[in-house]
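Engineer:
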Amino acid sequence: MSLFWRIFALNAVVLGSATALLLWAPVTVSVPVVLTEAVILIAGLAVMLVANAALLRIGLAPLDRLTRLMTTVDLLRPGHRLPEQGYGETAELIRTFNAMLERLEQERAASTARVLLAQESERRRIAQELHDEVGQTMTAVLLSLKRASDEADEPLRGELQQAQEITRGSLDEVRRLVRRLRPGVLDDLGLISALTSLTTEFATHAGLRVVRGFDSELPPLDPQAELVLYRVAQEALTNAARHAEADRVELSLRRSEGAVVLTVVDDGRGTGVAHEGAGIRGMRERALFIGATLDVTSSPRTGTQISLQLPPPPTPETNK
């Protein structure tokens, strides 16, 4: 039965019941209307309205749930589905909406994967150009300044040495940018060494006290998962240094029931409700890329906790 005919049937039942009561009940209407008759009519009208409202609420409840889900759905938090309740057009609408969500989540995951792969490729290209072009040019300038300062007399020698120190500092900054754009230590030495180098760099340049904790036996991870873990840790440390006004950060990489969990906790100001800025949205996109789950909790004056949980690797039975 379509939604129109269900609503029509509900109203027909209410109006038919009221008509039957008027026909067979020992109730008459005088002219002018007596007070008791007016009370009976008003009470009957109230009963009809309440019954009609209750029946319509029951019939339209699945549409209300669908509306609430449509206003709160977030493709970066996949898995939200509405139970297929109701009949006819309502059930078909819910099934269509759930299928649409499934399709949109798959398309979002595919587009996110393409964007992140292109982003990492561009980062690699920029890092390579900085290293090969800018780094080598600045190194040549540094050597030229060194030769010139060795042959120059005072006070020109002092000025050349000062320019040499400025150039050396700029070269160190370029090398630091290259490491942030494409961490070579991640490719060469693995995730633990890369996270150790990352936290050491933040402790040195941002003045944060970073406490590390790594499990000794972690399951093997594919390169994409390692890169996502590294980028999420990098973004979390950046947020703690720039926005949270934190003094201490704890970074841990643990194994929990076969899954790998990265946790970054700071003692910053917190917000009570974690603000979904561009940084956190980027973390969620990276988590979606590898099928991981990202949880962000923030409490006033107690800091923020970011937790990224990778799903356990598939077992042979699962592959079968």
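Just so it is clear: in the sequence shown, position 24 is 24 by full-length UniProt numbering, and no numbers are missing. Ideal Cβ placement from N, Cα and C applies to all residues, glycine included. As the structure is a prediction and not an experimental result, all values here were calculated from the model.
#1: Is it buried or exposed, E226, if we count other Cβ atoms within 10 angstroms and call 16 or more buried?
#2: Quick check on R57: buried or exposed, where buried means 16 or more other Cβ atoms within 10 Å of its Cβ?
#3: By alpha-carbon positions, which one of I42, L41, A51 and A38 ends up nearest to V13?
#4: With C-beta atoms as the reference, is T302 less than 8 Å away from G282?
#5: Here's the rule: buried if 16 or more other CB atoms are within 10 angstroms of the residue's CB, otherwise exposed. What is S121?
#6: Is it buried or exposed, V265, if we count other Cβ atoms within 10 angstroms and call 16 or more buried?
#7: Are the CB atoms of L198 and L253 nearer to each other than 8 Å?
#8: Scan the segment 119-204 and note each continuous alpha helix (DSSP H) run of 4 residues or more that stays entirely inside, going in chain order.
#9: To the nearest angstrom, how far is it from the Cα of H131 to the Cα of R284?
#10: Among the residues of its own chain, which have a CB less than 7 Å from the CB of T126, if the five just before and after it don't count?
#11: Out of I94, A278, L177 and V228, state which residue places its alpha-carbon closest to the alpha-carbon of A61.
#12: Looking only at its chain, what residues have a beta carbon closer than 8 Å to the beta carbon of L15, apart from the 5 residues adjacent to it on each side?
#13: Can you check which of these residues, S144, E165 and A292, is closest to L221 by C-alpha distance?
#14: Taking the alpha carbon of L63 as the reference point, which residue from P83, H243, V210 and E151 has its own alpha carbon closest?
#15: To the nearest angstrom, how far is the alpha carbon of A152 from that of L143?
#16: Tell me the DSSP secondary structure of T304 in three-state form.
Structural biologist: In short:
#1: Your numbering for residue 226 matches position 226 in the sequence shown. It is buried - the Cβ of E226 has at least 16 other Cβ atoms within 10 Å.
#2: By 1-based counting over the sequence shown, the position of residue 57 is 57. Burial call: exposed.
#3: Position 13 of the sequence shown, counted from the first residue, corresponds to residue 13. Measuring from the Cα of V13, the nearest candidate turns out to be A51.
#4: Walking along the sequence shown from the start, residue 302 turns up at place 302. Walking along the sequence shown from the start, residue 282 turns up at place 282. Going by C-beta atoms, T302 is not nearer than 8 Å to G282.
#5: Here residue 121 refers to the residue found at position 121 when the sequence shown is read from its first residue. S121 comes out exposed.
#6: Along the sequence shown, read from residue 1 onward, the residue named residue 265 stands at position 265. The residue is buried, with at least 16 neighbouring Cβ atoms inside 10 Å.
#7: As a working mapping, residue 198 is identified with position 198 in the sequence shown. As a working mapping, residue 253 is identified with position 253 in the sequence shown. No.
#8: 136-151, 156-181 and 184-189
#9: Here the question's residue 131 lines up with position 131 in the sequence shown. Here the question's residue 284 lines up with position 284 in the sequence shown. Near 30 Å, if we compare the C-alpha coordinates of R284 and H131.
#10: To locate residue 126, count along the sequence shown from 1; it is residue 126. The sequence shown places Ile at residue 126, not Thr. L181, listed in sequence order.
#11: Here residue 61 refers to the residue found at position 61 of the sequence shown. Checked all of I94, A278, L177 and V228; the closest Cα to A61 is I94.
#12: Numbered from its first residue, the sequence shown carries residue 15 at position 15. Correct list, in chain order: M48.
#13: Looking up residue 221 in the sequence shown gives position 221. Out of S144, E165 and A292, A292 has the C-alpha closest to the C-alpha of L221.
#14: Mapped onto the sequence shown, residue 63 falls at position 63. Looking at the Cα atoms, P83 is the closest of the given residues.
#15: The residue labelled residue 152 in the question sits at position 152 within the sequence shown. The residue labelled residue 143 in the question sits at position 143 within the sequence shown. Rounded to whole angstroms, A152 to L143 spans 14 Å at the Cα level.
#16: The sequence position of residue 304 within the sequence shown is 304, counting from 1. Note: T304 maps to strand in three-state DSSP.
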